[in-house]
Amino acid sequence: MSETHMSANRRFELGIVGFFIFMPPIGGLVALYQALQDTTKFGQSLGLLAWLCLLVGAHIKFVRPFFRRYPVVRSYKEIAEKIRSYNGRHAKLTTNVWRSRILRSAYRIGFFALTLPFFVGQYMIYGHHFVWFTMGWIVAGFGITVGYHRIGTHPSFKCPEWVRAILLVMGSMAVQGPVSEWTKKHSKHHAFGETSADVHSPYVFEDSKRGIFIEQFYAFMHSFMMWAFREPSLRRPKGMSIEDWKSDLLANSPNPATFKFREEDRGHWEVKDKSGKIVASTEKLIKARWSRFVDVIVGIEQDKTIAILGQPLVYLGILAVSVGAPMVLGGISIWEVLARVCYVNWATFCVNSVSHIWGEQPFQVPDNSRNNAVVEIIALGEGGHNTHHKSELWAQHGVFAWQFDPSAILIKTLAFFGLARELNLPSRAQIKAAWRGWRRREPTMQGYLAPTWEREISSALVEQISAPEEAIV
Ligand SMILES: [Zn+2]
Ligand SMILES: [Zn+2]
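Dropping the structure here:
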């Protein structure tokens, strides 16, 4: 094959990529054409979208930085206990605790209330078409975040098997492949984040002759969606026993000679003692992490629910129902169903790419994962990605007072009704320690889009850090 001719495989890959990139704009043009039949409706719909953008903008630019002063807000139970123990002697302190808690709750309820005109307005314009789109997004979206991710890949809480099965079926509707492949590949991302063995790192380690702009675009597209077509499958070959498959995998760990990582993560991939002597070499660490990863995916392979949902017929059946139901029951066009598919996929793609490039880094981790405010909102809380990489077993990714995490709200709601238990959550001390460390590293706590007025209050913040535990609420 000459280099100037694309292979069939490559053409297929580009076709799929092209579909996902151009589908939303094409869908948008179709919607635009329809909407222009009735310009009033189109104008109203656009106005509602602008309202939503304004809300998100205000959240990022003003409210989020304001809440950065409160790494943790105490629960009502804790506040009640505090009031009892102080017996009124520290009235000022308790008032402050109450104030921050009430402020935060009021903000969250207020933010939700302010988004309602958008949803009600769109419903008045598009009727049941908008309802089906929103339902598809919520079902498939939570299926990915809570189902595939927070219980499928990382067992961050416990729940009855039927609840888990429902969550995984919901995830199977998102058109992101069967749960078995998804969870295995995602485990690899956690084991080898930001190295040449990572599944979707925006860091490209190969020598390139491309210009820096093209290089960055290429790297972004790789972490966004191209990786999905390059990463080899982790499926167990037909007829191979689990033991054989496991020893086969163990023998195929990444080659230390070609293994690459970011220079700032050297301490993670090459451990030295105080005298500078290497106590754990890269080779040894790769082996240890690879064998842990193999244990995880062998566990996934032995999971009965995941195995059933991974059967091609079962998986395709769920897909057919999720695409067919809105068309048959709601009279929704295939384009509208595909718009939902694209939206949920784009949100997931943003977690893998955007949240590994832009955002805040309160926790120190051996990769470039970040907490991104926009991704938090569009991907139902998954944008708290730096927190997630700190401990993949935490059921809550938005652990700081200023973050949004609807997926954690869903898990806590399930727990409230007795359908989830043993939620793995960080302690308040861990959150505060991370907040203080971040404060020391980045005095203005800027991730991105930090307002200038935040710098003016920084001296007050420094005082808070040196203040005793009680002063930070
Ligand atoms: Zn990640
Ligand atoms: Zn994860």
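Counting from 1, position 412 in the sequence shown corresponds to residue 1138 in my numbering; the numbering is continuous, with no gaps.
Cβ atoms here follow ideal geometry from the backbone N, Cα and C, with glycine treated the same way.
About 6 Å separates the Cβ atoms of isoleucine 968 and glutamate 1027, confirming a contact at the 8 Å cut-off.
Nearest to glutamate 990 by alpha-carbon distance, out of Asp1093, Ile1137 and Gly1144, is Asp1093. Short of 7 Å from the beta carbon of proline 1132, and not among the five residues preceding or following it, lie these beta carbons of its own chain, in chain order: Leu1106 and Gly1107. If you compare the alpha carbons of Leu1035, Trp1072, Leu1151 and Gly919 with that of phenylalanine 987, the shortest gap goes to Gly919.
Membership of isoleucine 1044 in the alpha helix (DSSP H) is indicated by the continuous run 1038-1056. Runs of the alpha helix (DSSP H) lying entirely within the segment 921-970, each at least 4 residues long, are 938-947 and 953-956 in chain order.
Rounded to the nearest whole angstrom, the C-alpha separation of alanine 1006 and glutamate 996 is 6 Å. Counting C-beta pairs with one atom in each stretch, the segment 876-891 and the segment 1114-1122 have three or more that are closer than 8 Å, which means they touch. Per DSSP, reduced to three states, the secondary structure at alanine 1006 is strand. Under the DSSP assignment, tryptophan 1161 falls in the alpha helix (DSSP H) whose first and last residues are 1154-1167. A distance of 9 Å or more separates the beta carbons of serine 979 and isoleucine 940. Judged by DSSP in its simplified three-state form, phenylalanine 883 adopts coil rather than helix or strand. For alanine 923 against phenylalanine 985, the beta-carbon gap comes to about 7 Å, under 8 Å, which counts as contact.
Asparagine 1071 places its beta carbon less than 9 Å from that of glutamine 902. In this structure isoleucine 1103 does not touch arginine 876 by the C-beta definition: roughly 18 Å separates them, more than the 8 Å allowed. For ligand 1, a non-hydrogen atom lies closer than 8 Å to the CB of serine 1081.
Apart from the 5 residues on each side of it in sequence, arginine 1015 sits with its Cβ closer than 8 Å to the Cβ of Ala917 and Phe918 in its chain, given in chain order. The Cβ atoms of phenylalanine 793 and phenylalanine 1126 sit closer than 9 Å to each other. Glutamate 887 is classed as exposed because its beta carbon has fewer than 16 other beta carbons within 10 Å across all chains shown. For threonine 1008 and lysine 1030, the gap between their C-alpha atoms comes out near 35 Å.
Asn1098 is the residue among Asn1098, Ala1134, Gly1057 and Glu1062 whose C-alpha sits nearest the C-alpha of lysine 787. Nearest C-alpha to phenylalanine 1089 among His1111, Ala784, Ser1079 and Phe1019: His1111. With a cutoff of 9 Å on beta-carbon distance, serine 1048 and valine 798 are scored as not near each other. Of all C-beta pairs linking the segment 891-905 to the segment 867-875, three or more are shorter than 8 Å, placing the two stretches in contact. Boundaries of the alpha helix (DSSP H) around leucine 1136: 1132-1142. Put simply, the residues with a CB less than 6 Å from any heavy atom of ligand 2 are His875, Thr879, His880, His912, His916, His1114 and Glu1118, in chain order. In terms of Cα proximity to alanine 983, the closest of His1114, Lys1010 and Ala1155 is Lys1010.
For glycine 993, the enclosing alpha helix (DSSP H) covers residues 992-995.
At least one heavy atom of ligand 1 falls within 8 Å of the beta-carbon of glycine 919. Contact check for valine 1101 against valine 1077 passes: the beta carbons are separated by less than 9 Å. Within the same chain, and ignoring the five residues on either side of lysine 911 in sequence, the residues whose Cβ sits closer than 7 Å to its Cβ are Val925, Glu957 and Leu960.
Boundaries for valine 798: no alpha helix (DSSP H) harbours it, and the DSSP string shows neither H nor E there.
Distances taken from the Cβ of serine 826 to the heavy atoms of ligand 1 include none shorter than 8 Å. Within the model, the alpha-carbon separation for arginine 890 versus threonine 766 is close to 45 Å.
Sorting Ala954, Thr841 and Met966 by C-alpha distance to the C-alpha of cysteine 779 places Thr841 at the top. From the listed residues Gln770, Leu772, Ile828 and Arg834, the smallest Cα separation to histidine 785 is found for Arg834.
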